[in-house]
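J.:
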Amino acid sequence: MNKFTFTLLIVLMTSTFYSQQAEVEVIVIDSYVANEKPYTLFLTFFTMEPVKSEVIIENEYKFTISDTLAEDHKKNIDITGIQFDSTYVEYVITGETADGKKFVSDKFEFVLPFRDMLRSDKNTSLITVCCFGGVIFGLPSAALVIEEDQNYFSLTKEIPVLSFYSGGYNYPTGYIGIEYSYIFDAEFKNFLRLGYKQLFELEPIEFISGGVNGFTTFNGFNGISPEITIGWFKVYNTFTVYSRYRFNFQPSKSDRNFHEISIGLYSNFFSINF
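In terms of the working numbering, the sequence shown opens at residue 25 and continues consecutively.
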């Protein structure tokens, strides 16, 4: 077989392969696991054309969604006996169009609400993973505090306490968090905050959120701190690197106002989910 014939054969095989593939837009409406037993994945999505559909979870578990051509697809899947490697579980939608062409969607994710669904027989033990995750989770965010005529360095640790989910998303729609900050060399060094953050998932980044906190120093400095946060990318599929701008003010004393610019890691690992 000469080079020309070989090249032509490869081109024809490649063309045949791609001619059997279809591009089908899949829009996920709901994709979440209920906070009660049995562990059930509620999956709802629609396609821009009638297709037969299946879901493949973590490249391992396959379930039929629609065995006839349809645009609206819905399935409640019992995943009680399945264990996973991460609380964020990836899946794809695959299937067949009316003319017999196969398709595979982009990757999606759902969040596991129960830790006992995680595998413990990995090369690294579950205890080691939890300890490692705990160390990373405990890392504070670093911040630059900007006052009118002085700048300071600050360390802050935020813990999401209550997270609220409205469906199958990678992040909660919002959460209530508690936060402690220490500002080095400032007049008021210790700040305790309690606030609410609303998250909006946004490509190509992870999310953007707006929030407002009430804060106190327990020493006469009490105020409000609105903020905006950008989640840039994930680390170890559990933590999200973010940057944040926040303005802190006490309505009765404008000379105490200051700005904060910070960078840190977000995770709702220890949050109570609703």
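Here a beta-carbon is modelled for each residue, glycine too, at the ideal position from N, C-alpha and C.
With respect to the beta strand (DSSP E) encompassing ALA94, which residues constitute its N-terminal and C-terminal limits?
T.: Numbered from its first residue, the sequence shown carries residue 94 at position 70. Per DSSP, ALA94 belongs to the beta strand (DSSP E) from 85-102.
J.: Residues bridged to GLU47 by DSSP?
T.: The residue labelled residue 47 in the question sits at position 23 within the sequence shown. None, per the DSSP bridge assignment.
J.: Compute the Euclidean distance between the alpha carbons of GLU211 and GLY244, then round it to the nearest angstrom.
T.: By one-based count along the sequence shown, residue 211 stands at place 187. By one-based count along the sequence shown, residue 244 stands at place 220. Going from the Cα of GLU211 to the Cα of GLY244 covers about 12 Å.
J.: Note down the Cα distance separating ILE51 from THR71, rounded to an integer number of angstroms.
T.: For this step, residue 51 is matched to residue 27 along the sequence shown. For this step, residue 71 is matched to residue 47 along the sequence shown. Rounded to the nearest angstrom, the two C-alpha atoms are 6 Å apart.
J.: Here's the rule I'm using: 16 or more other beta-carbon atoms within 10 Å means buried, otherwise exposed. How should ASN237 be labelled?
T.: On the sequence shown, residue 237 is found 213 positions in, with the first residue counted as 1. Counting Cβ neighbours within 10 Å, ASN237 comes out buried, since at least 16 surround it.
J.: Please report the Cβ distance between GLY119 and GLU82, rounded to the nearest whole angstrom; I am assuming they are in contact, meaning their Cβ atoms lie under 8 Å.
T.: Taking the sequence shown and counting its residues from 1, one reaches residue 119 at position 95. Taking the sequence shown and counting its residues from 1, one reaches residue 82 at position 58. Between GLU82 and GLY119 the Cβ distance is about 18 Å, and since that is not below 8 Å, they are no contact.
J.: Work out the CA separation of ARG268 and ASN281 for me, nearest whole Å.
T.: As a first step, residue 281 must be located in the sequence shown, where it is residue number 257. As a first step, residue 268 must be located in the sequence shown, where it is residue number 244. Spanning the two alpha carbons is a distance of roughly 17 Å.
J.: Assuming ASP109 is part of the beta strand (DSSP E), what are its boundary residues?
T.: Translated into positions along the sequence shown, residue 109 becomes position 85. From DSSP, ASP109 is part of no beta strand (DSSP E); its letter is neither H nor E.
J.: On a CA-only basis, which of PHE177, PHE239 and HIS283 is nearest TYR206? Give me that one, please.
T.: Stepping through the sequence shown from its first residue, residue 206 is reached at position 182. Taking only the C-alpha atoms, the option nearest TYR206 is PHE177.
J.: How many angstroms separate the CA atom of LYS99 from the CA atom of GLU60?
T.: Position 75 of the sequence shown, counting from 1, holds the residue named residue 99. Position 36 of the sequence shown, counting from 1, holds the residue named residue 60. Approximately 17 Å, taken between the alpha carbons.
J.: Is there contact between the stretch 244-260 and the stretch 270-278, where contact requires at least three CB pairs shorter than 8 Å?
T.: With the cut-off at 8 Å, the stretch 244-260 and the stretch 270-278 touch.
J.: Relative to the alpha-carbon of GLY284, which residue among THR92, ALA166, VAL57 and ILE117 has its alpha-carbon at the smallest distance?
T.: Residue 284 sits at position 260 when you count from the first residue of the sequence shown. In the sequence as presented, Gly is not what sits at residue 284; that position holds Glu. Cα-wise, what sits closest to GLU284 is ALA166.
J.: According to DSSP, which residues form a beta bridge with LYS221?
T.: By 1-based counting over the sequence shown, the position of residue 221 is 197. Its beta-bridge partners are TYR199 and GLY235.
J.: DSSP three-state call for GLY162: helix, strand or coil?
T.: Position 138 of the sequence shown, counted from the start, is the residue given in the question as residue 162. Reduced to three states, the DSSP call for GLY162 is coil.
J.: Could you tell me the alpha carbon to alpha carbon distance between ALA58 and THR64, rounded to whole angstroms?
T.: The residue given as residue 58 occupies position 34 in the sequence shown. The residue given as residue 64 occupies position 40 in the sequence shown. Each residue's Cα considered, the two are about 6 Å apart.
J.: Within 10 Å of its beta-carbon, does SER190 have 16 or more other beta-carbons around it, so buried, or fewer, so exposed?
T.: Taking the first residue of the sequence shown as position 1, residue 190 is located at position 166. Classification for SER190: exposed.
J.: Going by C-alpha distance, which of TYR290, VAL48 and LEU226 is nearest PRO184?
T.: One-based indexing of the sequence shown puts residue 184 at position 160. It is TYR290 whose Cα lies nearest to the Cα of PRO184.
J.: With distances taken between CB atoms, is the gap from GLN222 to THR197 smaller than 8 Å?
T.: Translated into positions along the sequence shown, residue 222 becomes position 198. Translated into positions along the sequence shown, residue 197 becomes position 173. Yes, these two residues count as a Cβ contact at 8 Å.
J.: Suppose contacts are defined by Cβ-Cβ distances below 8 Å. Is TYR199 in contact with ASN292 by that definition?
T.: The sequence position of residue 199 within the sequence shown is 175, counting from 1. The sequence position of residue 292 within the sequence shown is 268, counting from 1. Contact flag set, yes.
J.: Identify whether GLY244 lies in helix, strand or coil by the three-state DSSP scheme.
T.: Working through the sequence shown from its first residue, we reach residue 244 at position 220. GLY244: coil per DSSP, three-state reduction.
J.: With DSSP as the reference, label LYS125 as helix, strand or coil.
T.: Residue 125 sits at position 101 when you count from the first residue of the sequence shown. The answer is coil: DSSP assigns LYS125 none of H, G, I, E or B.
J.: On the criterion of 16 or more Cβ atoms from any shown chain inside 10 Å, does GLU227 qualify as buried, or is it exposed?
T.: Residue numbering aside, residue 227 sits at position 203 when the sequence shown is read from its first letter. Classification for GLU227: exposed.
J.: Measure the beta-carbon distance from GLU230 to GLY201 and round it to whole angstroms, keeping in mind my assumption that it falls under 8 Å.
T.: Along the sequence shown, one-based indexing puts residue 230 at 206. Along the sequence shown, one-based indexing puts residue 201 at 177. 17 Å between Cβ atoms; not a contact.
J.: By DSSP, does PHE293 sit in helix, in strand, or in coil?
T.: Your numbering for residue 293 matches position 269 in the sequence shown. Looking at PHE293 - three-state DSSP - the assignment turns out to be coil, as it is neither helix nor strand.
J.: What is the rounded straight-line gap between the Cα of LYS76 and the Cα of PHE69?
T.: As a first step, residue 76 must be located in the sequence shown, where it is residue number 52. As a first step, residue 69 must be located in the sequence shown, where it is residue number 45. So the two alpha carbons sit approximately 12 Å from each other.
J.: Which partner residues does PHE69 have in the DSSP bridge list?
T.: In the sequence shown, residue 69 corresponds to position 45, counting from 1. Answer is VAL52 and HIS97.
J.: Do the CB positions of GLU47 and PRO74 come within less than 8 Å of each other?
T.: Taking the first residue of the sequence shown as 1, we reach residue 47 at position 23. Taking the first residue of the sequence shown as 1, we reach residue 74 at position 50. Not in contact: GLU47 and PRO74 (Cβ atoms no closer than 8 Å).
J.: Taking only the alpha-carbon atoms, compute the straight-line gap between GLY234 and LEU216 and give it to the nearest angstrom.
T.: The residue given as residue 234 occupies position 210 in the sequence shown. The residue given as residue 216 occupies position 192 in the sequence shown. Those two C-alpha atoms are separated by around 19 Å.
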